[in-house]
Amino acid sequence: MNIFPEDIDRQSKEEIKTYQEEKLQELLQYVNKNSKFYSDLFKEHNIDINDIKTLEDIQKIPFTTKDDLYEQNDDFICVDRRKIVDYITTSGTLGDPVTFAMTDADLERLAYNEYISFKCSDGSPDDIYQLMVTLDRRFMAGLAYFLGIKKLGAGMIRVGNGMIELQWDTIQRIKPNALIAVPSFILKLIEYAEANDIDYKNSSIKKAICIGEALRNSDFTLNTLGQRIKDKWDIKLYSTFASTEMGAAFADCGNENGGHHHPELLIVEFVDEYNNPVAEGKAGELVITTLGVEGMPLIRFKTGDVVQHFTEPCVCGRNSMRLGPVIGRKNEMIKYKGTTLYPPALYDILNDMEYVENYIIEVSTSQIGTDDILIRIATNGHRPDNFEKLIKDHFRAKLRVAPTIQFESKESINKVKFPELKRKPVVFIDKRKKNS
């Protein structure tokens, strides 16, 4: 029996708010009783949880940060160790990984999230999904997709990441109609198919659920990466954004108007650099409060992801808030020669350059204390003699500034970009001196 109201995102905004406020009060009682971290936090700040009754009242509670999770990981756990059935860790993109303890109920919640996310992205029991992500290495996403597809009643093929030859062999043998993959890996599938005379345009694949990289611009048009895929392979592309801390996702519907919020799973806020709420359509850091989590619930957790949000109802009939593409990570913001940048803006330009095969972006602190950008690029070997100038001119035209360019071999870039023990490619390296 499903404990979540599956169609709540189609109810009125007033009904959604009433539901969330009821669940918020239940959550506060639960963590006050079971979470050492939050019970200590309430005492330290003299917070009477009975005074917090509305979504607006939640602002009386201090934010939870990634540092809190790093430093007091075990204090967030709300259940006896014997009740934990799965241990998951974050990818550690911006620091040491954090462990999340999952109970059986949490795995059911995870399955529910992906089930409704796949349904939102036009999924049905008739689909067969090919999973091009890992289910091991304490990774949440692969497990979540597996559980969600199972709950949806669709078919799945667990191929895992990489192994392009095996991916195409599987597509040709079993004929799935959908992929779950990182967008840049779909480009590699296309390149392999073209090099090996595989008629990919007439394959069984009709759509892809894309993870880990943005596909769209802030106006929801395809960005350079998304357009490169679409120009080559006319399949339907769905964006999805999720994190281990949320245990939930924001998924595109077929109308491509942003990732839909599941209000039964998350309370969301958006704040500026001074922690003040931001208006609709403005960039702000996503702050989440998890609903329905048993093992390690979080309250007002600052995700570090800078996004825009939109509240008008979608033409698909859902009335819940929608999330725009991730603009960047708050900790990765670059101030370069008077211009504020996030790495995805640099990625978009590089992905559009014909001779750029691979790249890494390094940011460091200059001798005068400002940010410096070095872009290490591997080309396909046929670059024009004036290619460095062309790259810099392209950056000036798009961003008004030009970073330092350094050409390297494909092997040296790949060695840094794909370290053996990392689950995600390393594209951004932050060498800046941190203020103590």
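Residue numbering for the sequence shown follows the working numbering, beginning at 9 and increasing consecutively.
Cβ atoms here follow ideal geometry from the backbone N, Cα and C, with glycine treated the same way.
Extract the residue ranges of the alpha helix (DSSP H) inside the region 120–161, only unbroken runs of 4 or more that lie entirely within it.
148–160
Return the residue from the list Ile437, Ala405, Asp401, Ala386 that minimises the CA-CA distance to Gln414.
In the sequence shown, residue 414 corresponds to position 406, counting from 1. Checking every option, the nearest Cα to that of Gln414 belongs to Ala386.
List the endpoints of the continuous beta strand (DSSP E) containing Gln37.
Start at 1 with the first residue of the sequence shown, and residue 37 comes out as number 29. Note, Gln37: premise wrong, no beta strand (DSSP E); alpha helix (DSSP H) at 21–42.
Based on the DSSP secondary-structure assignment, which residues constitute the bridge partners of Tyr78?
Residue mapping note: residue 78 aligns to position 70 of the sequence shown, counting from 1. Paired residue(s): none; Tyr78 is not in a bridge.
Sequence-distant residues of the same chain with beta carbon closer than 7 Å to Thr73, five excluded per side:
In the sequence shown, counting from the first residue as 1, residue 73 sits at position 65. So the qualifying residues of the chain are Lys310.
Taking the beta carbon of Val314 as the centre, do at least 16 other beta carbons fall within 10 Å, making it buried, or is it exposed?
Residue numbering aside, residue 314 sits at position 306 when the sequence shown is read from its first letter. So Val314 counts as buried.
Taking the alpha-carbon of Asp83 as reference, which of Thr111, Asn42, Tyr137, Ile357 has the nearest alpha-carbon?
If you number the sequence shown from 1, residue 83 lands on position 75. The residue with the shortest Cα to Cα distance from Asp83 is Asn42.
Inter-residue CB distance, Trp241 and Lys209 (contact presumed, cutoff 8 Å):
Counting from one through the sequence shown, the residue named residue 241 turns up at place 233. Counting from one through the sequence shown, the residue named residue 209 turns up at place 201. About 6 Å separates the two Cβ atoms, so the contact holds.
Measuring straight from C-alpha to C-alpha, what distance separates Ile188 and His270?
Within the sequence shown, residue 188 is the residue found at index 180, counting from 1. Within the sequence shown, residue 270 is the residue found at index 262, counting from 1. Using only the alpha carbons, I get a separation of about 20 Å.
Three or more beta-carbon pairs under 8 Å between the region 315–322 and the region 86–98, yes or no?
no
In terms of alpha-carbon separation, which member of Ile217, Lys44, Val87 lies closest to Lys127?
In the sequence shown, residue 127 corresponds to position 119, counting from 1. Closest option to Lys127, Cα to Cα, is Ile217.
Report all residues from its chain with a CB closer than 6 Å to the CB of Tyr200; omit the five preceding and five following residues, and keep chain order.
In the sequence shown, residue 200 corresponds to position 192, counting from 1. Closer than 6 Å at the Cβ level, and outside the excluded window around Tyr200, lie Ile172.
Can the beta-carbon of Ala256 be found closer than 9 Å to that of Leu273?
Your numbering for residue 256 matches position 248 in the sequence shown. Your numbering for residue 273 matches position 265 in the sequence shown. Yes. Within cutoff.
Three or more C-beta pairs below 8 Å linking the region 23–33 and the region 58–71
yes
Give me, in chain order, the residues of the same chain whose beta-carbon lies closer than 8 Å to that of Ile55; leave out the 5 immediate sequence neighbours on both sides.
For the purposes of this step, residue 55 is taken as residue 47 along the sequence shown, with counting starting at 1. The residues are Leu49, Lys68, Ile69.
Can you confirm whether the region 317–331 touches the region 176–190 when touching is taken to mean that 3 or more C-beta pairs between the two stretches lie within less than 8 Å?
no
Can you tell me whether Thr298 is buried or exposed? The criterion is at least 16 other CB atoms within 10 Å of its CB, across all chains shown.
Here residue 298 is taken as the residue at index 290 of the sequence shown, counted from 1. Answer is buried; the Cβ neighbour count reaches 16.
Given Met9, which residues of its chain have a CB within under 8 Å of its CB, disregarding the five upstream and five downstream residues?
Numbered from its first residue, the sequence shown carries residue 9 at position 1. Residue confidence is low: Met9 scores 42 on pLDDT, short of 50, so the model does not pin down where it sits. No coordinate-derived value is stated.
So does the region 372–382 actually touch the region 338–355, counting three or more Cβ pairs closer than 8 Å?
yes
Stretch-stretch touch, CB-based, cutoff 8 Å, three pairs: the region 281–289 with the region 227–242:
no
Alpha carbon to alpha carbon, what distance is there between Ile24 and Phe426?
For the purposes of this step, residue 426 is identified with residue 418 of the sequence shown, where counting begins at 1. For the purposes of this step, residue 24 is identified with residue 16 of the sequence shown, where counting begins at 1. Computed Cα separation, rounded: 43 Å.
Can you tell me the Cα-Cα spacing of Leu102 and Asn265, whole angstroms?
For the purposes of this step, residue 102 is taken as the residue at position 94 of the sequence shown. For the purposes of this step, residue 265 is taken as the residue at position 257 of the sequence shown. Caution is warranted here: a pLDDT of 47 is assigned to Leu102, below 50, making its placement in the model unreliable, and the coordinate value is therefore given only provisionally. Spanning the two alpha carbons is a distance of roughly 29 Å.
Is the Cβ-Cβ distance between Arg117 and Val364 less than 9 Å?
Indexing the sequence shown from 1 puts residue 117 at position 109. Indexing the sequence shown from 1 puts residue 364 at position 356. Going by C-beta atoms, Arg117 is not nearer than 9 Å to Val364.
On the criterion of 16 or more Cβ atoms from any shown chain inside 10 Å, does Ser420 qualify as buried, or is it exposed?
To locate residue 420, count along the sequence shown from 1; it is residue 412. Exposed, since its Cβ has fewer than 16 Cβ neighbours within 10 Å.
Which partner residues does Pro285 have in the DSSP bridge list?
Residue numbering aside, residue 285 sits at position 277 when the sequence shown is read from its first letter. Pro285 is bridged to Val279.
For Asp75 and Leu39, the rounded distance between their alpha carbons:
As a position in the sequence shown, residue 39 is number 31, starting the count at 1. As a position in the sequence shown, residue 75 is number 67, starting the count at 1. In the sequence as presented, Leu is not what sits at residue 39; that position holds Val. About 19 Å.
Going by beta-carbon coordinates alone, are Leu358 and Leu407 separated by less than 9 Å?
Within the sequence shown, the letter at position 350 stands for residue 358. Within the sequence shown, the letter at position 399 stands for residue 407. The answer is no: Cβ separation not under 9 Å.
Residues of its chain near Gly150, where Cβ-Cβ distance is below 6 Å and the 5 sequence neighbours each way are ignored
Along the sequence shown, read from residue 1 onward, the residue named residue 150 stands at position 142. Excluding residues within five positions, the ones whose Cβ falls inside 6 Å are Val141, Thr142, Leu143.
Are the beta-carbon atoms of Ile163 and Tyr137 separated by less than 9 Å?
Numbered from 1 along the sequence shown, position 155 holds the residue referred to as residue 163. Numbered from 1 along the sequence shown, position 129 holds the residue referred to as residue 137. According to the sequence provided, residue 163 is Gly. The question's Ile does not apply to it. Going by C-beta atoms, Gly163 is nearer than 9 Å to Tyr137.
Distance between Gly170 and Lys397 (C-alpha atoms, nearest Å):
Position 389 of the sequence shown, counting from 1, holds the residue named residue 397. Position 162 of the sequence shown, counting from 1, holds the residue named residue 170. Near 34 Å, if we compare the C-alpha coordinates of Gly170 and Lys397.
Using the three-state DSSP reduction, which class does Leu102 fall into: helix, strand or coil?
For the purposes of this step, residue 102 is taken as residue 94 along the sequence shown, with counting starting at 1. Summary for Leu102: the model assigns pLDDT 47, below 50, so the residue's position carries little reliability; its value from the coordinates is reported in the next sentence. Of the three classes helix, strand and coil, the one that applies to Leu102 here is coil, per DSSP.
Does DSSP put His53 in a helix, in a strand, or in coil?
One-based indexing of the sequence shown puts residue 53 at position 45. In this structure, His53 counts as coil in the three-state DSSP scheme.
Using the beta-carbon count (16 or more within 10 Å), is Gln175 buried or exposed?
In the sequence shown, the residue the question calls residue 175 occupies position 167. Its Cβ being crowded by 16 or more others within 10 Å, Gln175 is buried.
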